[in-house]
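Participant:
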Amino acid sequence: MSAAMEKLGIPCWHSFRLLSTNFPDNEMWQEAIDRKFFGKGDPFGRAEFDQLLHGFGAISSDTPAIAFSEDLIAAYPEAKVVLVERNIDSWYQSYMTAIIENMFHPVSSVLYHLDRSFIHVIGKVQRTTVEGWLGIKSKEDAEHLAKQRYREYYALIRKITPPDRLLEFKLEQGWAPLCEFLGKPIPDEPFPHLNDQTWFDEKVKLLITRQAKALLAKAFYPTTVAFAAVVVWYAVRK
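Residue numbering for the sequence shown is 2 to 239, as defined by my numbering.
1. For the beta strand (DSSP E) holding residue 168, just list the boundary residues, first then last.
2. What residues match up with residue 131 in a beta bridge as DSSP calls it?
3. For the pair the region 87-103 and the region 33-48, tell me if three or more CB-CB distances fall below 8 angstroms.
4. Restricting to Cα atoms, I'd like to know which of 28, 2, 174, 35 is closest to residue 119.
5. Judging by CA-CA distance, which residue of 125, 154, 123 is the nearest neighbour of residue 135?
6. According to the Cβ coordinates, are residue 133 and residue 38 closer than 8 angstroms?
7. Could you give the distance in angstroms between the alpha-carbon of residue 106 and the alpha-carbon of residue 84?
8. Could you give the C-beta distance for residue 140 and residue 101, rounded to a whole number, given that I count them as a contact under 8 angstroms?
9. Shortest alpha-carbon distance to residue 70 belongs to which of 34, 4, 115?
10. Figure out for me which residue from 171, 14, 169 has the closest Cα to the Cα of residue 56.
11. Do you know how far the Cα of residue 123 is from the Cα of residue 21?
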């Protein structure tokens with residue numbers, strides 16, 4: 002959906018921006034998470050979200066933004082909501098493979114503690130969101146709770162969004178209903194269909210490899226060098 006929004010000329014926020022151009026925003030997202038889910042202050046309102054989402058006209062529903070859907074719908078009463086519901090079994094397989102497996106993988110966990118300047122920052126945003134919003138602290142928790150939380154999320158969005166602001170959309174419907182809802186002309190090109198799981202896995206593998214190599218370059222002790230080399234080898238072979 003983020004690719005479709007960009008094609009329509011609507012800059013779309015996506016979580017991978019937190020790994021690159023918008024990396025400094027992780028600090029403010031962490032503050033939002035701590036306030037909303039861990040009682041460390043008042044929840045964010047429109048003023049704070051304006052700072053986080055400056056320059057964007059749409060928000061992709063991935064972590065951490067998805068955990069603030071209710072807050073965002075309330076903060077922006079003029080905004081429209083496009084609800085894309087996938088087959089729950091297909092979504093579950095993708096979520097477990099692309100998100101949970103990577104989040105709780107031994108290599109990711111080690112890098113989370115070693116790389117305090119990058120992996121730890123983005124990893125903490127992801128982990129605390131999943132813990133605070135979904136109650137998931139482990140792969141086993143996800144196996145038990147993910148589908149239940151999925152159903153609860155879609156029920157909540159349907160409940161709190163006024164009908165005139167909500168489009169229930171399936172990707173196979175293509176441009177027509179989406180463009181009509183958003184008041185945009187239909188592009189003269191096919192609707193984008195990206196393999197999100199493959200794309201995410203490739204990005205994560207590249208990220209882990211890059212950061213492990215960075216640790217290797219900074220290592221001063223033989224044991225650390227050897228460990229970092231193993232991490233690089235393991236990430237590359239996956």
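Backbone N, C-alpha and C fix where the C-beta goes; we use that ideal spot for every residue, glycine too.
Facilitator: Let me spell this out:
1. 167-170
2. Residue 131 pairs with nothing; no bridge assigned.
3. no
4. 28
5. 154
6. yes
7. 30 angstroms
8. 6 angstroms
9. 34
10. 14
11. 11 angstroms
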